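For the sequence shown, the positions run 1 to 293 when the UniProt record's numbering is used.
Report on the following structure.
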Amino acid sequence: MTDSTDYVPPKIWVWNKTEAASAVTLLNRPVSGPTHDKKLPVGHHPLQLYSLATPNGQKVTILLEELLAQGHIDAEYDAWLIRIRDGDQFGSGFVAVNPNSKIPALVDYSGSQPIRVFESGAIMLYLAQKFATFLPTDPSRRAECLSWLFWQIGSAPYLGGGFGHFYAYAPEKIEYAINRFAMETKRQLDVLDKRLSENEYIVGSEYTIADMAIWPWYGGLVKGWLYDAAEFLSVEDYPNVRRWTDNIYARPEVQRGIKVNRIVGELSSQLHERHDASDFDLRTQDKLVNAKP
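Encoded structure:
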């Protein structure tokens, strides 16, 4: 690999398939579409989710568990595991649901025709509107909620694709890139900390989809779950974000939601697929491993 200080961009960029890369980036390519034929499974519930417990995936499973806890029985769902390191997102069935080949993706079979929804923010807004909850009806608070929801959608790429990539995953440590995105990540944490210094939740006293969207990324960061970067970013400097993070983490619905489609961490925290509420008690990986002869 060319030393980053010596690199001069060519006049026309050409994809080098043999260039050294980390395991995370080996599947990347400059074209879209499927790489193989593979149908998606379909369960018996109205909502079919195809995902992985990254922060973007956790947003949706947290919301679904919150909806079920409120008594919305039509929010029952099957959560199918998409292993992105294995390239499942490039299967023909998944691409048909999300042509952008990113998790999560949702299909709603509750109506006369299936409805596909892709991109985490779109899924959250779709579900909040469908079940008329976690989205304020007052125009001012609704605008605030949507503003913060889309703030997260626009900001997270700097955290994940920027800071997380260069700090944790890039095949070489590039000081300029790490400094650039660490500064932006800390600026975003400061934005949140100031907002939460005056509000219990992102939209005042009301818990909304804005909190559910922001929490897996920024809550996970200050908890030390993302990129092992809590010390590096001095997360103790953001006491209001930490308070908000702990309050949301205490919710049973959140604790269930972050287990769904999870394939790392303690076996008891991994529920690879979720097809029934009883799966949390019966089908986490520790139960399945111990049940094997």
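Every residue, glycine too, gets a C-beta built ideally from N, C-alpha and C.
Keep in mind it's a predicted model, so treat the numbers as computed, not measured.
Neighbourhood of residue i by C-beta, 7 Å cutoff - its chain only, sequence neighbours within 5 removed
i    : result
F181 : Y158, G162, F163, F166
K39  : G93
Residue closest to residue i, alpha-carbon to alpha-carbon, out of the options
i    : options                : result
Q255 : D237, W215, A229       : W215
I263 : G33, I82, N28          : I82
D279 : E65, Q89, V31          : E65
Y249 : D37, Y218, D138, E172  : Y218
G93  : Y7, K11, T284, P41     : P41
A53  : S32, D138, I62         : I62
V31  : W15, E200, S197        : W15
E184 : E200, Q270, A170, S155 : S155
K259 : R187, Q58, E198, L27   : Q58
V107 : S120, L47, K11         : L47
S205 : T284, R141, G71, K38   : R141
L196 : L233, A170, N247       : N247
Three-state class that DSSP yields for residue i in the structure shown
i    : result
Y109 : coil
Q152 : helix
P114 : coil
H165 : helix
D286 : helix
D276 : coil
Sequence-distant residues of the same chain with beta carbon closer than 6 Å to residue i, five excluded per side
i    : result
Y238 : L189, D193
A69  : E253
D286 : L267, S268
D88  : I82
Y126 : V117
I115 : D108
8 Å CB neighbourhood of residue i in its chain, flanking five on each side removed
i    : result
P168 : Per the sequence shown, the amino acid found at residue 168 is Ala instead of Pro. Closer than 8 Å at Cβ, skipping near neighbours: Y227, D228, A229.
V222 : L189, A230, V235, Y238, V241, R242, T245
Cβ pair residue i, residue j closer than 8 Å
i    : j    : result
Y50  : I123 : no
S112 : D74  : no
F118 : P34  : no
A79  : R274 : yes
P139 : V203 : no
P55  : G220 : yes
A143 : F134 : no
H272 : N261 : yes
V191 : S120 : no
Given 8 Å as the limit, is there contact between the stretch 172-179 and the stretch 94-110, that is, 3 or more CB pairs closer than that?
no
Say whether the stretch 205-217 touches the stretch 147-155, bearing in mind that this needs 3 or more beta-carbon pairs closer than 8 Å, one atom from each stretch.
yes
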